[in-house]
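Trainee: Please find one structure pasted underneath; my questions will follow.
In my numbering, the protein residues as written are 357 to 1299.
See below:
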């Protein structure tokens, strides 16, 4: 009997994304500046399947244009997806060329997802007697599994799992694979934005399926449910049925399985090699040759570096016996950790300190050190809620100590008091990863961390701002070592996740001390690299001092007027309803305003607002903000739609969300400032994000009214740099006309308009000033004639003429822009006035779009980054003055170029003058810095 033929169908984008993120910690960039991570990751997967399985038939399936049917059913389907990374967009054409050269069929159908193409082909092949293996990490495919259709799921760390019917039954708790559709419909899918039934997760969905068999069975038996679950299911029955439809993989896509077309054939070796050489894939080319040629069969007999076992541990790890004392517990072991490419065996010696004698000896020893790494283990990732579980210490590679803390807070306080001399000793350098968190936790125990600080996360941010900075990534990248995962101790996120207190002392010791040990070793690497990149001063004088300032601000928080927001929420409800009615009246019918499809049909088919409306790739009318903004000035309904969108977002994101984020203990809002997110050096605000509150609309500005002083003895004070980015670009470009305008206190936009339009400054019209303002700010971001035309009433030709005139008027500015791009091309980076670097790996890319974006960054990164550096200096200096003067006034917020203070009224005149002096004197430029100060009973009044 002939062996059953096998078909392998690869889910292209799932494997491309998986490959890209596998290298995200250490991206593969070739000498041309191209990020080849996604291409390499996908090709590794493809060749691995071919080598392992030697398939008879194979095809690769792509998405194109998304799922039209699902988007029509539910306009928010996959609406929460992030923009596809540029490296993946660039990778896809290369991958398709490689597949063509390998003579592997590419299956794609406009308006359908790869899931549906694979599902349709799998069922067709099954009907023709094939076994089909769906190569994808996506669990949704489990619904298609049958006696002859299998999932072939790549595993982390290499290899594959094959899921047949028994594996699907075990994974999902179902009797039949098709019940996976009901399972997904019930629990929803955050990745695809499928809503599911509110309150139903994995466990509940499995329970419902066991009892009722399907979504329809559940909805037919709602009377058997109880309490809130019954109410939720009953109220969301239609949503559940819709979710099931969205989760179902389609099996009727107009594609055809032709076994002749899908048969594996010999690749065009030379064509593949040419592409690999262009991409600089030397090792992958060897792998390809081994897979497809006789030469490869001979080569395969020789061992390669990747499959040899390492002969020794990394030299950065310490080994040998080490002990301060004989009392107290200890854990000394040889630990094996599986890394991405290697398998390391690292001997270390970690001890826990849990007796009075041991603690006394430990304190005596730690106080003799010049530099010590410490790491807190706590009950929460929120420092305002966290309680100490333990603290790890290390001052020699491979060795360290762990001090467990009691749950009783009085006893915990007594223990931390014994460690106070260490934390408050100015002569001992303190090392840590994300020290701001540890400082905030210790502040709750009235401990101030003093002395020189070294934060490995901040150091790496200055060394490589575009990379991730978490410790696991840094350990793998710089130490070739994979630390113990926190999930192996406390489990995955969810209600069943343990607290660190529930973990055994030995495991706590191993995990926590390893973190301190690794961080100590990373410090040795980063100290050298900071020097090599000339960013040591920036680290020592700006980022590390700012860390302490931000910790104070975050602990302080800001007062929020919750009753005002509740009132504003009701007002917004009315505004939104009124706008809805206006839109319906103007349209002549009611429709779902939030549905792009319905909105497009109303505006462009029924109302026929323009002759040739823009369409998306899926063929429906584009109703994106940039499209509508262009039409808003001519059509009231479109302005109303934009207002409607703005108000609904404002209500959900801020007005209704902010009161929930008030800390119950302090009754204040405590944002978290992140120093290591924006590559330009700007701070980011999170939980809540106070930097994105809209200020261009009246309702948006009103949200600022909710931020109020501490009490009647205080007022809010806002200090804002005036046009700081324009002042910086004037200074850096040495553009005389702009410098003189700033020095003489002229209105820079009126001054620019006077020169560009060749009129006296007093005769500049409002429209001329507005156009000049748009160019002044737009020039930093590389505004084009098309972009300027869209932002003004100018035609495309008028906009081009204005830009040309602008550059003629400001020749040094144009020259500066050219020099910045040239410097970036030659050096691979640009830098701020303080030497902060922004690396631009795409500056020499052959892709014009990618290269253009890098060129714009070459110009604006030094401007934005210098502004960020200057306000950071001001914050550090102001904090120092407030501390030295023992002022009651507190610095609360930093929002772009603005600082907000809780100003104590009796101190007002003194602090007002001090703040203005420190901000304007933070950095000397060729033009003066100007700061505007306002005060009020809320942030809006102060601003």
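For glycine and all other residues, C-beta sits at the position ideal for the given N, C-alpha and C.
Please report the distance separating the alpha-carbon of residue 758 from that of residue 800.
Mentor: The straight-line gap from Cα to Cα measures roughly 20 Å.
Trainee: CA-CA distance, residue 1043 and residue 793?
Mentor: Taking the straight line from one Cα to the other gives about 14 Å.
Trainee: What would DSSP say about residue 694, mapped onto helix, strand or coil?
Mentor: Annotation note: pLDDT 28 at residue 694 (below 50); position unreliable, coordinate value reported separately. Three-state result, residue 694: strand.
Trainee: Quick check: what's the CA-CA separation for residue 985 versus residue 443?
Mentor: Taking the straight line from one Cα to the other gives about 30 Å.
Trainee: Check whether the Cβ atoms of residue 416 and residue 460 lie closer than 7 Å to each other.
Mentor: Yes. Within cutoff.
Trainee: Please determine, among 382, 750, 706, the residue with the shortest C-alpha to C-alpha distance to residue 722.
Mentor: Minimum Cα distance to residue 722 is reached at 750.
Trainee: Rounded to the nearest angstrom, how far is the Cβ of residue 1227 from that of residue 1077, given a contact under 8 Å?
Mentor: Confirmed, Cβ separation roughly 7 Å.
Trainee: Quick one: grab the DSSP three-state call for residue 589.
Mentor: Of the three classes helix, strand and coil, the one that applies to residue 589 here is helix, per DSSP.
Trainee: With DSSP collapsed to three states, give me the class of residue 1201.
Mentor: The answer is coil: DSSP assigns residue 1201 none of H, G, I, E or B.
Trainee: Using only alpha-carbon positions, find the residue among 1187, 1271, 431, 1051 that is nearest to residue 820.
Mentor: If we check each option's Cα against that of residue 820, 1187 comes out closest.
Trainee: For my contact list, residue 488 and residue 363 are in at a C-beta cut-off of 8 Å; report their separation, rounded to the angstrom.
Mentor: Correct: roughly 5 Å between the Cβ atoms.
Trainee: With burial defined as no fewer than 16 other Cβ atoms inside 10 Å of the residue's Cβ, what is the status of residue 976: buried or exposed?
Mentor: When all chains shown are included, residue 976 counts as buried.
Trainee: So, are the CB atoms of residue 1213 and residue 1196 less than 7 Å apart?
Mentor: Contact: yes.
Trainee: Return the residue from the list 746, 429, 1031, 1102 that minimises the CA-CA distance to residue 867.
Mentor: Nearest of 746, 429, 1031, 1102 to residue 867, Cα basis: 746.
Trainee: Identify the continuous alpha helix (DSSP H) that holds residue 934 and give its terminal residues.
Mentor: Counting along the chain, the alpha helix (DSSP H) containing residue 934 begins and ends at 918-943.
Trainee: Does the distance from the C-beta atom of residue 1075 to that of residue 1255 stay below 7 Å?
Mentor: Going by C-beta atoms, residue 1075 is nearer than 7 Å to residue 1255.
Trainee: One question on the structure: do residue 397 and residue 368 come within less than 7 Å of each other, judged by their Cβ atoms?
Mentor: No, the Cβ-Cβ distance between residue 397 and residue 368 is not below 7 Å.
Trainee: Could you name the residues of the same chain whose beta carbon sits closer than 8 Å to that of residue 1158, not counting the 5 residues immediately before and after it, in chain order?
Mentor: So the list reads 1112, 1127, 1131, 1144, 1150, once near-sequence residues are dropped.
Trainee: State the DSSP-derived secondary structure class of residue 1187, mapped to helix, strand or coil.
Mentor: Reduced to three states, the DSSP call for residue 1187 is strand.
Trainee: Does the beta-carbon distance from residue 1283 to residue 1152 come in below 7 Å?
Mentor: Contact: no.
Trainee: Check the C-beta distance from residue 1049 over to residue 1293 and give it rounded, since I have them as a contact under 8 Å.
Mentor: Contact doesn't hold; Cβ gap of about 18 Å is too wide.
Trainee: In chain order, what residues of the same chain lie with their CB nearer than 6 Å to the CB of residue 595, ignoring the 5 residues before and after it?
Mentor: Within the same chain, residue 595 has close Cβ partners 551.
Trainee: Note down, in chain order, each residue of its chain lying with its Cβ closer than 6 Å to the Cβ of residue 1199, except the 5 sequence neighbours on either side.
Mentor: These residues qualify, in order along the chain: 1180, 1181, 1210.
Trainee: On the three-pair Cβ rule with 8 Å, is the stretch 573-591 touching the stretch 619-629?
Mentor: Contact fails: fewer than three Cβ-Cβ distances are below 8 Å.
Trainee: Hey, how far is the Cα of residue 376 from the Cα of residue 1054?
Mentor: Approximately 43 Å, taken between the alpha carbons.
Trainee: Taking the straight line between their C-alpha atoms, what separation do you get for residue 301 and residue 1268?
Mentor: Since the first and last residues shown for the chain are 357 and 1299, residue 301 lies out of range.
Trainee: Could you have a look at residue 806 and say whether DSSP puts it in helix, strand or coil?
Mentor: Reduced to three states, the DSSP call for residue 806 is coil.
Trainee: Is the beta carbon of residue 1136 sitting closer than 7 Å to the one on residue 1219?
Mentor: In this structure, residue 1219 lies closer than 7 Å to residue 1136 by Cβ.
Trainee: Grab me the residues of residue 797's own chain with a C-beta within less than 8 Å of its C-beta, minus the 5 sequence neighbours each way, in chain order.
Mentor: Result list for residue 797: 732, 734, 739, 742, 744, in chain order.
Trainee: Just how far apart, CA to CA, sit residue 401 and residue 825?
Mentor: The straight-line gap from Cα to Cα measures roughly 27 Å.
Trainee: So, helix, strand or coil for residue 1254, using DSSP?
Mentor: If DSSP states are grouped into helix, strand and coil, residue 1254 belongs with the strands.
Trainee: Going by DSSP, what residues sit across from residue 413 in a beta bridge?
Mentor: Answer by DSSP bridge pairing, in chain order: 363, 619.
Trainee: How many angstroms separate the CA atom of residue 407 from the CA atom of residue 636?
Mentor: Each residue's alpha carbon lies about 22 Å from the other.
Trainee: Are the CB atoms of residue 1073 and residue 1298 within a distance shorter than 7 Å?
Mentor: Going by C-beta atoms, residue 1298 is nearer than 7 Å to residue 1073.
Trainee: Give me the Cβ distance between residue 1246 and residue 1270, rounded to the nearest whole Å; I'm assuming they're in contact under 8 Å.
Mentor: In fact, because the Cβ distance is near 14 Å, the residues do not count as touching under 8 Å.
Trainee: Where does residue 1258 land, buried or exposed, given buried means 16+ other C-beta within 10 angstroms?
Mentor: By the 10 Å Cβ count, residue 1258 comes out buried.
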